[in-house]
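What follows is a set of notes on a single structure, which appears directly below.
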Amino acid sequence: MREIYAWAAIALIILASTTGDILLAYSMKRVGDVGELWKRSGMLAVIGRALSTPTFALGVMAMGVAFYSLLFGLSWGNLSLVVPASASLTFVANAIAARIFLHERVGRRRWIAALLVAGGVVLMAV
Amino acid sequence: MTFRKYLVLAGITIFSTAGDSLLARGMKDTGGISLHHLSGLLLVILNPWVVLGILCLLTFFSCYMSALSWADLTYVLPATSLGYVLVAFIGRIGFHEVISPTRWVGIMMIAAGVGFAAAGPTVTPSRHQSVSKEPSPQAISQEISS
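In order, the protein sequence lines correspond to chains E and B.
The numbers in the numbering used here rise by one with no breaks, and the one at position 36 of the first sequence is 36.
The numbers in the numbering used here rise by one with no breaks, and the one at position 97 of the second sequence is 97.
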């Protein structure tokens, strides 16, 4: 039973952190190049513009859900299962979601990079 | 890619690893937190390791947001994954942990993945014009050829 709970937590971590990453990436693209904005209008303008983007707050909330799911997942499953399983699957989920929602062109180079890192993370935990 | 942008990517890698390690060190001092004693969570913030860890994670978050403002998510995530390798080396050097052959293969796969992503273009053209800055024609041709 605990194993089912652990996998449910892993699924929630992947869903929440992918949602968070997509929302934050979308918000920051709306804000524009932070370095240039900082030079032009100062730090407060950067913070103000990020906070006034509604998807930014939603993204941070989704990241919070992912963080607490990880804590609960760790209390139900082993560290060596929960962390690599959620981290490596999040890489792949992010690549798929970025292609669908952010319309990023995930070319062969980026697929190979995501799969190499995801596979490497699994091997690191063995 | 300018030198400043490489520094931001390095900041993401280093500060997320340092933040996680410092938090883990601090949580060892405070022991387990049960759902029945949630007040323990408030006391955790007084631990100096946890304070340092939170500061590092805040720096990581600023660098991460900065990178996402000028690069694709599918570029930033793999390009900043060296943290996993960094943790293994900290364990090897700092705590004399043994790195098994399987872990070495994992380290090499992550390093190769990071190299693959980082050598590619940072931004790809979007079908919708939501990206504030257009990518250079050179980046587009590089992506098409990859």
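Note that beta-carbon positions come from the ideal geometry of N, C-alpha and C, so glycine has one too.
Whole-number beta carbon distance between residue j and residue i, since they are thought to touch under 8 Å
{"i": "V50/B", "j": "G26/B", "result": "4 Å"}
{"i": "F3/B", "j": "F60/B", "result": "The pair is not a contact, with the Cβ atoms about 20 Å apart (cut-off 8 Å)."}
{"i": "S69/B", "j": "G77/E", "result": "Actually they are not in contact, since the Cβ atoms of S69/B and G77/E sit about 35 Å apart, beyond 8 Å."}
{"i": "A93/E", "j": "I13/E", "result": "A93/E to I13/E, Cβ: 10 Å. No contact."}
{"i": "A79/B", "j": "V123/B", "result": "Not confirmed; about 13 Å, so no contact."}
{"i": "V85/B", "j": "I45/B", "result": "The pair is not a contact, with the Cβ atoms about 30 Å apart (cut-off 8 Å)."}
{"i": "V65/E", "j": "A11/E", "result": "12 Å between Cβ atoms; not a contact."}
{"i": "I93/B", "j": "S21/B", "result": "So it is not a contact: roughly 13 Å between Cβ atoms."}
{"i": "R103/B", "j": "A88/B", "result": "6 Å"}
Span of the alpha helix (DSSP H) around residue i
{"i": "I107/B", "result": "101–118"}
{"i": "E36/E", "result": "34–41"}
{"i": "N94/E", "result": "79–101"}
{"i": "G59/E", "result": "54–76"}
{"i": "V106/E", "result": "No alpha helix (DSSP H) holds V106/E; DSSP gives it neither H nor E."}
{"i": "M1/E", "result": "From DSSP, M1/E is part of no alpha helix (DSSP H); its letter is neither H nor E."}
Residue i and residue j closer than 8 Å at C-beta
{"i": "L37/E", "j": "A45/E", "result": "yes"}
{"i": "D21/E", "j": "L73/B", "result": "yes"}
{"i": "M65/B", "j": "M28/E", "result": "yes"}
{"i": "V83/E", "j": "A125/E", "result": "yes"}
{"i": "V105/B", "j": "L123/E", "result": "yes"}
{"i": "L102/E", "j": "G59/E", "result": "no"}
{"i": "M69/E", "j": "A6/E", "result": "Note that residue 69/E corresponds to Ser in the displayed sequence, not to Met. Not in contact: S69/E and A6/E (Cβ atoms no closer than 8 Å)."}
{"i": "G19/B", "j": "L57/B", "result": "yes"}
{"i": "L116/E", "j": "F116/B", "result": "yes"}
{"i": "G120/B", "j": "R110/E", "result": "yes"}
{"i": "S12/B", "j": "C63/B", "result": "Residue identity check: residue 12/B is Ile in the sequence provided, not Ser. Contact: yes."}
{"i": "V106/E", "j": "A98/E", "result": "yes"}
{"i": "V153/E", "j": "A87/E", "result": "Since the first residue shown for chain E is 1 and the last is 126, residue 153/E is missing from the structure and cannot be characterised."}
{"i": "T90/E", "j": "T19/E", "result": "no"}
*Jot down the residue ranges of each uninterrupted alpha helix (DSSP H) in the segment 39–91 of chain B, minimum 4 residues, whole runs only, in chain order.*
39–44, 48–70, 73–79
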